[in-house]
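*Asks:* Note that the working numbering gives residue 751 to position 264 of the sequence shown, counting from 1, and the numbers run on in steps of one. We put the CB at the ideal spot given by N, CA and C, even for glycine. Values in this document were obtained by computation on a predicted structure and should not be read as measured data.
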Amino acid sequence: MKALHLYSALDIHRHFLEGDVSAREIALYFLRRALRENGKLGAFLHICQDLLLQQADTLDRARANKEPLGPLAAVPVAIKDNTHIHNEPTTAGSKILATYRAPFDATVCRDLREAGVLFLGKTNLDEFAMGSSNENSAFFPARNPWRLSHVPGGSSGGSAVAVSSRLCPLATGSDTGGSVRQPAGFSGIVGYKPTYGRVSRHGLIAFGSSLDQIGPLASSVEEVAKVMEIIGHPCPFDATSRSTPKESYPLSRERRSFKVGVDASFFSDLSQDVQDNLDQARRTLERVGAKVLPVDLKPLHYGAAVYCILATAEASTNLARFDGIRYGHRSLSAQTLEEIYSLSRQEGFGQEVKKRILLGTYVLSAGFQEAYYRKAQKVRTLICQTFTKAFQQVDLILFPTTPSSAFKLGAIQDSLQMYLQDIFTIPANLAGLPAISIPSGFSSDHLPLGIQLMAPQGCDVKLIQLAYLYEQERGPFPMAPYLDDPSL
Ligand code: GLN
C-alpha cells in the first residue's frame with residue numbers, strides 16, 4: 488500500500504484487519520515521514536520510535552495468532568506532550584520537565600493502548616498549555632502546514648500540525664480555554680472538547696483544573712466519534728469524572744430537525760472573512776434541517792476576563808508542585824532550600840508561565856481575593872446560567888472558532904491580543920460544555936477557518952451527530968497544500 492498518510496484512521500485500521508498491510512509497515516511508513524518532516528513542521532517534541540515498533544510487532548503477532556484486535560488497532564496516534572505515556576518523556580513544553588519521564592499511562596493513553604493504537608510521538612505545545620500560537624513552547628515553535636510562515640494555533644499546536652500535515656491521522660490535545668478547537672480551526676481539521684469530566688484528566692498535567700479537558704483532533708467528525716467511544720467513560724482516578732457510562736456515537740446522514748442559537752451581538756465587529764464564513768455555515772446547517780434562532784448570550788462578553796482570573800489562579804496553585812524537589816529541573820547553583828525553590832523555577836519556567844503564576848497568586852492573595860477571584864466565580868455562574876437559559880430554546884449554539892485565520896509567527900506581541908484569540912472558545916470551558924470546531928471555509932488569503940458548535944453538558948453524542956450532518960453537507964475539505972510537495 489502506498490501513500491498511507493492519505494488514508495483515514497478508520498481505513499488504516501480496516502486495511503490492517505484485512506491483511507493488506509502489516510502494523511510494522513504502517514509504523515515504519517509514519518515513522519520515516521515524521522522523522523523527515525518534523526524539522527520543518529516542529530510538530531513533535533519526541534518520537535516514540537522504540538515503543539512504536541514494539542507495539543507494531545505485538546499487533547502483527549496478535550493478528551497472525553487470530554487474537555482479538557482493538558477498535559483502533561494499527562492506527563498511529565500522536566499525544567500532546569502534557570499527557571503521560573508510560574516511560575516516555577512528558578515535558579509539557581517546558582524546560583522544567585525537560586528530562587522527566589512519565590511514571591504511568593494517562594487514562595486516555597491506557598484506553599488508546601488497549602484499543603491497539605501505535606504511539607507515534609509526543610506533540611509540541613505552548614509551555615504548560617499556556618498560549619494560542621505554540622510560540623510559548625520552550626523548545627521550538629510548530630508551523631502551520633497551510634503556510635509555514637504562520638502559526639498553527641495553540642496550545643495543542645503540535646497535535647494540530649501532526650494531523651493537518653498527515654504525519655498521523657489522530658492526535659489528542661487538551662483544552663482549557665480553546666487549545667484543541669483554536670488550533671484545529673487554524674489548521675483545517677476537526678477538534679473536539681468534550682463535556683467537562685466526560686474524558687478522564689488522570690495523567691494530564693494540570694493547568695486550570697476546573698476547565699481542562701482532553702479531546703481528540705482528526706480530519707473528520709467520524710474519526711473524532713470513534714476516539715470518543717474509546718476515551719469517554721467514568722474514571723476512578725479522576726474525582727471530576729462524570730458517572731455516565733461509555734456511549735456509542737452512531738452517525739447518520741439523515742436530515743433532522745434541530746434549533747441553532749446565534750447571538751448577533753458577538754458578531755458586530757467580526758472581520759468580513761469570518762462573517763461570510765459564518766453565514767455560509769448557517770446556510771449549510773439550514774439545509775440539513777436547522778432552524779436558526781436569536782439567543783441572548785451577553786454575559787459571555789466577560790468570558791475572556793473571567794478566564795484570565797480563574798485560569799491563572801488555578802495554574803498558580805497547580806504549578807506550585809514544580810519546586811525543584813519533587814519533579815524535574817533542580818538548579819545547580821542553589822545553596823539553600825529557598826534557593827532551590829526560587830532558582831529552579833527561575834531557570835525552568837518561561838516568561839508566560841511566570842507571568843501567569845504571578846497573576847494567579849495576586850488574584851488569590853488575601854487582599855484581592857474578594858475583588859478578583861470571587862467576583863470572577865460569580866460571573867462564571869452567570870455565564871453558566873445564561874447557557875442554561877439559552878439551551879431551553881435551542882439544541883446547539885453556533886460561534887466562529889476564532890476571530891481570524893492563522894497569523895504569522897511573531898505577529899502578535901501583545902498579551903491581551905493573544906488572550907483575545909480565545910473569546911469564542913473560552914465560554915464552553917467556563918460552563919463545562921461540549922464544543923466542536925469543524926473546518927468550514929477559507930479566509931480571503933486562503934487559510935482555513937472553522938465554525939464552532941456547542942451543546943448542553945452531557946450532550947456529546949448529539950453534538951457530534953449534528954456536527955457530522957453539517958460536515959457531510961459541507962462536502963470534502965481540502966488537505967493542507969504542504970502535502971502537494973512532490974518530494975513527500
Ligand atoms: N489560549 C488559552 C491560554 O493561553 C487557552 C489555552 C488552553 O486551552 N490550554 O490560556
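Please classify PHE503: does DSSP put it in a helix, a strand, or coil?
*Replies:* Correct three-state label for PHE503: helix.
*Asks:* Considering only C-alpha positions, which residue in the set GLY937, LEU920, SER643 and ILE513 is nearest to ILE676?
*Replies:* Cα-wise, what sits closest to ILE676 is GLY937.
*Asks:* Just grab the DSSP bridge partners of ASN631 for me.
*Replies:* ASN631 is bridged to ARG634.
*Asks:* In terms of alpha-carbon separation, which member of ALA893, SER581, LYS582 and THR586 lies closest to ASN574?
*Replies:* The shortest C-alpha separation from ASN574 is found at THR586.
*Asks:* Within 10 Å of its beta-carbon, does PHE615 have 16 or more other beta-carbons around it, so buried, or fewer, so exposed?
*Replies:* Buried, by the Cβ-count rule.
*Asks:* VAL761 to TYR955, Cα distance in whole Å?
*Replies:* Cα to Cα, VAL761 sits roughly 21 Å from TYR955.
*Asks:* Is PHE894 near the ligand GLN, with its Cβ less than 7 Å from a heavy atom?
*Replies:* Because no heavy atom of the ligand GLN lies under 7 Å away, the Cβ of PHE894 does not count as near it: no.
*Asks:* Please identify the residue among LYS785, ARG548 and ASP766 whose C-alpha is closest to the C-alpha of PHE753.
*Replies:* Looking at the Cα atoms, LYS785 is the closest of the given residues.
*Asks:* Please classify LYS553: does DSSP put it in a helix, a strand, or coil?
*Replies:* Coil.
*Asks:* LEU605 and GLN700: beta carbons closer than 8 Å?
*Replies:* No.
*Asks:* Excluding the 5 residues preceding and the 5 following ARG630 in the sequence, name in chain order all residues of the same chain whose CB lies nearer than 6 Å to its CB.
*Replies:* Same-chain partners within the cutoff: LEU528 and GLY529.
*Asks:* If you reduce the DSSP assignment to three classes, tell me which class PHE745 lands in.
*Replies:* If DSSP states are grouped into helix, strand and coil, PHE745 belongs with the strands.
*Asks:* Counting beta carbon pairs with one atom in the segment 578-596 and one in the segment 500-515, are three or more of them shorter than 8 Å?
*Replies:* The segment 500-515, when compared against the segment 578-596, does not touch it at the 8 Å Cβ threshold.
*Asks:* Could you tell me the alpha carbon to alpha carbon distance between CYS719 and GLY919, rounded to whole angstroms?
*Replies:* Reading off the sequence, residue 719 comes out as Gly, not Cys. Approximately 15 Å between the Cα atoms of the pair.
*Asks:* Assign MET715 to buried or exposed, taking buried as 16 or more other Cβ atoms, counted over all protein chains shown, within 10 Å of its Cβ.
*Replies:* By the 10 Å Cβ count, MET715 comes out buried.
*Asks:* Any chance the CB of ASP662 is under 7 Å from a heavy atom of the ligand GLN?
*Replies:* Yes; taking the cut-off as 7 Å, the Cβ of ASP662 has a heavy atom of the ligand GLN nearer than that.
*Asks:* How is the alpha helix (DSSP H) around PRO670 delimited, first residue to last?
*Replies:* Taken as a continuous stretch (DSSP letters only), the alpha helix (DSSP H) holding PRO670 covers 668-674.
*Asks:* Drop a sphere of 10 angstroms on the beta-carbon of LEU917, count the other beta-carbons inside from all chains shown, and report buried for 16 or more, exposed for fewer.
*Replies:* Label assigned to LEU917: buried.
*Asks:* For the ligand GLN, I want to know if PHE874 counts as a neighbour, meaning its beta carbon is within less than 7 Å of at least one of the ligand's heavy atoms.
*Replies:* No, the beta carbon of PHE874 sits no closer than 7 Å to any heavy atom of the ligand GLN.
*Asks:* Are the beta-carbon atoms belonging to LEU497 and LYS713 less than 8 Å from one another?
*Replies:* Yes, the Cβ-Cβ distance between LEU497 and LYS713 is below 8 Å.
*Asks:* Assign ALA777 to one of three DSSP states: helix, strand, or coil.
*Replies:* Strand at ALA777.
*Asks:* For PRO576, which beta-bridge partners are listed by DSSP?
*Replies:* Paired residues: ARG588.
*Asks:* Just confirm the distance between the C-beta atoms of ALA625 and LYS680, as a whole number of angstroms; I'd bet it's less than 8 Å.
*Replies:* That pair is no contact at about 25 Å.
*Asks:* Who are the Cβ neighbours of ALA579 in its own chain at under 6 Å, not counting the five residues just before and after it?
*Replies:* Around ALA579: ASN569, PHE615 and ILE692.
*Asks:* Let me know if LYS609 comes out buried or exposed under the rule of 16 or more other beta-carbons within 10 Å of its beta-carbon.
*Replies:* Buried, since its Cβ has 16 or more Cβ neighbours within 10 Å.
*Asks:* Is SER674 closer than 8 Å to LEU707 when the C-beta atoms are compared?
*Replies:* Note on identity: in this sequence residue 707 is Ser, with Leu being the wrong assignment. No, Cβ-Cβ distance for SER707 and SER674 is not below 8 Å.
*Asks:* How about SER619: is its Cβ closer than 7 Å to a heavy atom in the ligand GLN?
*Replies:* Yes, the ligand GLN has a heavy atom inside 7 Å of this Cβ.
*Asks:* Per DSSP, which one or two residues make a beta bridge with LYS680?
*Replies:* ALA922, per the DSSP bridge assignment.
*Asks:* Take the Cβ of HIS816 as the centre, count every other Cβ of all protein chains shown within 10 Å, and call the residue buried at 16 or more, exposed below.
*Replies:* Under this definition HIS816 is a buried residue.
*Asks:* Could you check the C-alpha separation between LEU654 and ARG520 for me, to the nearest Å?
*Replies:* Between LEU654 and ARG520, the C-alpha separation is close to 7 Å.
*Asks:* Rounded to whole angstroms, how far is the Cβ of LEU797 from the Cβ of ARG867, which I believe are closer than 8 Å?
*Replies:* Indeed they touch by this definition, with Cβ atoms about 7 Å apart.
*Asks:* Taking just the CA atoms, how far does LEU540 sit from ILE996?
*Replies:* Residue numbering for the chain in the displayed model covers 488 to 975; residue 996 lies beyond these limits and cannot be assessed.
*Asks:* On the DSSP letters alone, give me the boundaries of the alpha helix (DSSP H) that VAL881 sits inside.
*Replies:* Unbroken run through VAL881: none, as it is neither H nor E.
*Asks:* Hey, could you find the ends of the alpha helix (DSSP H) SER651 is sitting in?
*Replies:* Taken as a continuous stretch (DSSP letters only), the alpha helix (DSSP H) holding SER651 covers 644-651.
*Asks:* In chain order, what residues of the same chain have a beta carbon less than 6 Å from the beta carbon of LEU538, not counting five sequence neighbours either side?
*Replies:* PHE606, listed in sequence order.
*Asks:* Excluding five sequence neighbours on each side, which residues of the same chain lie with their C-beta closer than 6 Å to the C-beta of TYR859?
*Replies:* Once the five neighbours on either side are set aside, the close Cβ partners of TYR859 are ILE796 and VAL850.
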